[in-house]
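As structure tokens, the structure follows; a few thoughts come after it.
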Amino acid sequence: MSIFLDKNSKVIVQGITGAEGSYHAARMHAYGTNVVGGVTPGKGGQRTPQGLPVFDTVSEAVAATGATHSCIFVPPPFAADALYEAHAAGIALAVCITEGVPVHDTLKVVGATAGMRIIGPNCPGLVSPGKALVGIMPGHVFKEGTVGVVSRSGTLTYEVVDLLTRAGFGQSTCVGVGGDPVIGTTFVECLREFKNDPQTQALVLCGEIGGTDEEDVAAFIAEHVADVPVVAFVGGRNAPPGKSLGHAGAIVSGAFGTAQSKIKAFEAAGVPVAGRPSEIPALLASEVARRGRPVPAASF
Amino acid sequence: MSIFLDKNSKVIVQGITGAEGSYHAARMHAYGTNVVGGVTPGKGGQRTPQGLPVFDTVSEAVAATGATHSCIFVPPPFAADALYEAHAAGIALAVCITEGVPVHDTLKVVGATAGMRIIGPNCPGLVSPGKALVGIMPGHVFKEGTVGVVSRSGTLTYEVVDLLTRAGFGQSTCVGVGGDPVIGTTFVECLREFKNDPQTQALVLCGEIGGTDEEDVAAFIAEHVADVPVVAFVGGRNAPPGKSLGHAGAIVSGAFGTAQSKIKAFEAAGVPVAGRPSEIPALLASEVARRGRPVPAASF
Amino acid sequence: MNLMEHQGKTLFRDAGIPVPRSHHARTPEEVGSFIDATPGAWVVKAQVLMGGRGKAGKIKLAGDASQGRAVAEEILATPMPPNRQNPHGEPIRSVLVEERLAIAHEAYCAITVDRAARKPVLIVSRFGGMDIEEVAERHPESLAKFYVDTAIGYSPFIGRELAYRAGLDAGYHRAFPAIAGALYDLFFRYGAKLVEINPLALTEDGRVVASDAKVELDDDALHRHPELSEWRGALPLDEDEILATGAGVGIRNFRRFPGNVGTMANGAGLAMATMDAVSNAGGHIANFLDVGGGANAQRVRNCYELVVNNTGATVFFVNIFGGITRGDEVARGIVDAMRQTTSRKIPLVIRLTGTNEAEGRRILAEAGMTPVETMDEGARKAVELAS
Amino acid sequence: MNLMEHQGKTLFRDAGIPVPRSHHARTPEEVGSFIDATPGAWVVKAQVLMGGRGKAGKIKLAGDASQGRAVAEEILATPMPPNRQNPHGEPIRSVLVEERLAIAHEAYCAITVDRAARKPVLIVSRFGGMDIEEVAERHPESLAKFYVDTAIGYSPFIGRELAYRAGLDAGYHRAFPAIAGALYDLFFRYGAKLVEINPLALTEDGRVVASDAKVELDDDALHRHPELSEWRGALPLDEDEILATGAGVGIRNFRRFPGNVGTMANGAGLAMATMDAVSNAGGHIANFLDVGGGANAQRVRNCYELVVNNTGATVFFVNIFGGITRGDEVARGIVDAMRQTTSRKIPLVIRLTGTNEAEGRRILAEAGMTPVETMDEGARKAVELAS
């Protein structure tokens, strides 16, 4: 198994005829994702170079293809509308790649789309290696395996996954939850799913400054998955207060959101924190060994 | 048993120090309802003549008394606020007596207060005879028994209940759902509850022109409670189209909402429709007899 | 409160919905000088609440000022002819002089409150310019609906989806989502019961324009819009509503009919049942009247006078279910009211229940009124006395 | 975008939140003539984004015009002194001349976005006039919060409940729910990240007045408020943000530090990790820089020049994880960028992965740059070259 995404997920791309949408639709398709079509209002009836059908509306696309997942590539002012449309059409999981969505739009969307899981906004998407990829991640760094990965950033995730893969640790699902202050799916929500996923035997969490997601997930780990090997990393130890570093959500406000607080929370929960990404594979190996579980990579 | 309301229901009155609120709080209390207090902002700490405590907010009242039910007597512009407050404080059932609530307020409240049942607005409340009364109904016409009564109006309900009581038919619960076009609890929703209430052995439904509640409940009866004796009455056979008769919701629009359509729907569902209220007890007796059930009145 | 076309279009314009250029005029002279000042092809439309203006000859073309003056004169000369809902017709007090559109397509778009779904519903059809009932009958496949989640409100995808599902001409596609959004904003801001654009025109030169405007506001929400109070005063209020307001009962609590049995009850449901009882007994009702809560002398007197002075009632059937109030108190109120009134006297049949009802009936009988024990009995008595 | 007090108060006033009478002035002369025209007791307050105005002597009383002129001159004469967040201090370009309130109580009221709850949160305390962090520490029991359901929005009971829970003086009770509602409307209408009234004053004569105003807008939502664009231009933009915008990267993508190791990475998370790697290796970072997606010659050149010309960097560590792009392409972009630039040259250390990464490293080495295989290695090399 895996979480959020597998071989049976039927994926559409909202904004499939745009520059980003068409490029990544092709890449997802090439990865082996079951991309069943896309949506661009006014372009219904066309086909992409891969032969995927284009629809005018998401509800048409769902009716024609049975789509369950959507990957959204639309400009920031239209992201909320795209998410509402996906929700109204019955999409089960929507990945919102768009960066720069107004935070009130996300607040409102998250509060009003019960029943649909949203990943993002401002995220690279998710991959269940060997099964499917939805988003903009580079498929070649991933390898099927038993480590669940959750991260707030994009390239740092690829970096970490690349290190894991090279060290022989394949992944069950890698989720880039997004770098905005308000996101559809938090670390804790990912862990609730990983907890029930038999494929996942270990976890790697890449946090960063800002908010309290890392503190929350540390508390969750201590209470619910204390028996699973987990390694964390926290980016932004050198961040000044009051200034976002790249991500809108990566901001230290007063005493809140510091790397120190997050590291402390992880350590209090018994989760070792890597000083730099390159330390992650060794820390994970030692956590696995310490708990006497089979080395995850060996189980595939 | 009974539906919505019983001996254990702890009732507060929102607007308890107003003219209507204080009058009816006293009456409910006198009926035997477990009235535990009331709310009027700015009057917290006072007591009513019955010795009931007054609070500034519903959440205070709930914290102090464990209130589960609220009866709302506030002017129309403030009814939505009162319902939101009840919902936020964890009230399970709110009766909104207020007439003249803007229909958009009701729409929004009904859509945003999941988990709280709303009776009304513009309704006389509900009574589980012998147990509790919440609203403005005259307690003395009711008698405990096995007939569930649902009605869109006030005095007509008392009329019908009075006839039932005189004929020996006691009631399990009588619900005045309200005369507005949009209401918190419909006929169908009442019947879903009555269906599972062992005390209720028969039903009397008092509909009127406007909307499709009667048609909907007729379809529900045919499908789900075809074995229960039911008698209906529909007021407003002489109504002209396009003009509300008293209730904002009692309006025939074009071909919709006519008494004829509702009577036809009931008859198609096998529900006899009384030509006038005085026929109801006899019709009910014959329905009961036809189905070979014990006469409901005899079971108490 | 229903708005006239020109009022609805004022709200449309403020909300950003394209409407034709127009001028609201009260006299043929005004029409003439407007067209003089702004020559072109114009339409002159009677401003009334009743439907069927076209068939009644109350919408006319005007190519120049003198023609404008002439057709306005003609339109203003006679009232709208009566129909079933408006047995008195409707006087015409003004006209709208409006840009004549070269229309390529006529569509339909409305938002109303769906009672059963308890949500706002957007309704769109590619066929406009006729009643929605007619569209529903003749082109049911062209009707597309969307139930709006009030937690979200309108979002442009709703307009796009409806445009496709209703099969609107492609010429509508670009403009439609914003127009539907503006219409929803208007619907929401005013707490309206209905906003309707019929027809929503696609012009030969590719503009999408609201060619007519129907707006039905919620009387219960008007207090939030004091800026509309001027319109409220100017509107031809339903005469029954004026009378009800004058008597101090709710605007919906009084309605006249052609019969001779006057009725009054406390509570709308009981008042309807009272009317039905009179009909059942073979009588002809003169009115619907819900006296509301309480039945003190002043209130009963107002209601009695309302019926006696404004209907053809020859008997007055009063049906009071004294749920909480005492029967003797109500009886005294009625007797006092009848003593005080200076209007002509007609016989009263009174059905009265409540605590102390026997005592109440005694008081009534002493005052020469006809107390009865049940609604059915009262209806029979009233019909008997009326004939 | 953070607003100055006078701008925030303009929004407050438009939203219906009571604010003191005031005049925004750019010169001591203007202050003098305003007080001349409207004598009374006034306060002159520096208009800056930095906190700590009172302690810095940038808020002063003025009883008459000459006093007003004098204190304004004094305030405008020197910039706000630097602090940790604003190492350069902040120039003072204008003052607000404001009615001096006779204050009986100072409370606190704010609305912000709660990230964990994913809801707007209203925060009220009966203690105002100090930082909310200080209130939280000294009077935690006085803090009352309410998480707003966005499907409902604000409803007056929220204000009532908070007033009671926070223990606001009874003098606030009548006015507070409407003020909190107006503040929520403002928060919602502008898609703000923070709106704060601190202190919310209760005056001796019983008025409730916003004595200060703090508004933090969401840059991502500003496009919906073109009416604010004038303010945007007038605000003392953070210098790093100006530089970032000038280089064509996102406003949040560049941040300077006092060290000598320049950094650049693609992606904010990787850029942060790159900074951390340099620190781990014992170096001192000169900047944070996320180059964003793609690394073509123009973009790399802009970023190189941004760092070289505006920081104390003596080496430039470029860390590119070429997820989708090809390593050789990125390498060519970097080489071209360095050929084109006219700025001073400093050594480049380049870590590069992606398809064809070996080829990429070959291209870089040929161009005289220092290609490395891992981030750690790059950090070490960069620190070595910097010292």
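Residue numbers (the working numbering), protein chains in the order written: chain A, 1 to 300; chain B, 301 to 600; chain C, 601 to 987; chain D, 988 to 1374.
Yeah, the Cβ is synthetic: ideal placement off N, Cα and C, and Gly gets one too.
Remember, it's a predicted structure, so these values are computed and weren't measured experimentally.
Can you tell me whether residue i is helix, strand or coil according to DSSP?
i	result
residue 1163 (chain D)	helix
residue 1053 (chain D)	helix
residue 1011 (chain C)	Outside the shown range of chain C (601 to 987) lies residue 1011 (chain C), about which nothing can therefore be said.
residue 971 (chain C)	strand
residue 726 (chain C)	coil
residue 598 (chain B)	Note that residue 598 (chain B) scores a pLDDT of 39, beneath 50, so its modelled location is shaky and nothing firm can be said.
residue 370 (chain B)	strand
residue 992 (chain D)	helix
residue 547 (chain B)	coil
residue 589 (chain B)	helix
Please determine, among the options, the residue with the shortest C-alpha to C-alpha distance to residue i.
i	options	result
residue 939 (chain C)	C:897, C:871 and C:957	C:897
residue 1171 (chain D)	D:1154, D:1190 and D:1143	D:1143
residue 434 (chain B)	B:334, B:415 and B:384	B:334
residue 1165 (chain D)	D:1100, D:1181, D:1120 and D:1145	D:1145
residue 1358 (chain D)	D:1370, D:1371 and D:1338	D:1338
residue 982 (chain C)	C:926, C:601 and C:915	C:915
residue 797 (chain C)	C:656, C:718, C:760 and C:730	C:730
residue 231 (chain A)	A:75, A:63, A:274 and A:77	A:274
residue 471 (chain B)	B:349, B:407, B:505 and B:379	B:505
residue 1336 (chain D)	D:1317, D:1137, D:1364 and D:1312	D:1364
Once you ignore the five residues that flank residue i on each side, which residues in its own chain have a CB closer than 6 Å to its CB?
i	result
residue 518 (chain B)	565, 566 and 569
residue 1231 (chain D)	1238, 1240 and 1241
residue 46 (chain A)	54
residue 1186 (chain D)	1093, 1115, 1116 and 1198
Can you list, in chain order, the residues of its chain whose CB lies under 7 Å from that of residue i, leaving out five sequence neighbours each side?
i	result
residue 1088 (chain D)	1007, 1188, 1190, 1196 and 1198
residue 868 (chain C)	890
residue 661 (chain C)	643 and 700
residue 656 (chain C)	680 and 681
residue 608 (chain C)	813, 814 and 815
Measure the alpha-carbon distance for residue i versus residue j and round it to whole angstroms.
i	j	result
residue 249 (chain A)	residue 1204 (chain D)	15 Å
residue 490 (chain B)	residue 1094 (chain D)	47 Å
residue 598 (chain B)	residue 526 (chain B)	For residue 598 (chain B), the predicted structure reports a pLDDT of 39, less than 50, and the residue's modelled location is therefore unreliable. A value from the coordinates is still provided. Approximately 22 Å, taken between the alpha carbons.
residue 955 (chain C)	residue 590 (chain B)	36 Å
residue 261 (chain A)	residue 215 (chain A)	8 Å
residue 24 (chain A)	residue 57 (chain A)	19 Å
residue 258 (chain A)	residue 361 (chain B)	40 Å
residue 167 (chain A)	residue 359 (chain B)	56 Å
residue 600 (chain B)	residue 499 (chain B)	Low confidence applies to residue 600 (chain B): its pLDDT is 39, below 50, so where it sits in the model is not reliable enough to give any reading.
Who are the Cβ neighbours of residue i in its own chain at under 8 Å, not counting the five residues just before and after it?
i	result
residue 1034 (chain D)	991, 992, 993, 1011, 1079, 1080, 1081, 1082 and 1083
residue 240 (chain A)	252
residue 307 (chain B)	334, 431 and 432
residue 303 (chain B)	428, 448, 472, 473, 475, 490, 493, 494, 497 and 500
Taking 8 Å as the threshold, find out whether the segment 738-748 of chain C comes into contact with the segment 711-725 of chain C through three or more Cβ pairs. yes
So, does the segment 584-592 of chain B touch the segment 617-630 of chain C, judging by three or more C-beta pairs under 8 Å? no
Along the segment 746-758 of chain C, what residues have a CB closer than 7 Å to any CB found in chain G? Of the chains in the structure shown, none is chain G; the protein chains are A, B, C and D.
Decide if the segment 90-106 of chain A is in contact with the segment 118-128 of chain A; the criterion is three or more beta carbon pairs, one per stretch, under 8 Å apart. With the cut-off at 8 Å, the segment 90-106 of chain A and the segment 118-128 of chain A touch.
Validate contact between the segment 103-120 of chain A and the segment 78-90 of chain A using beta carbons, cut 8 Å, 3 pairs: yes
Do three or more CB pairs link the segment 8-24 of chain A to the segment 66-76 of chain A at distances below 8 Å? Touching, yes.
Are there three or more Cβ pairs, one per stretch, closer than 8 Å when the segment 855-867 of chain C is compared with the segment 917-927 of chain C? yes
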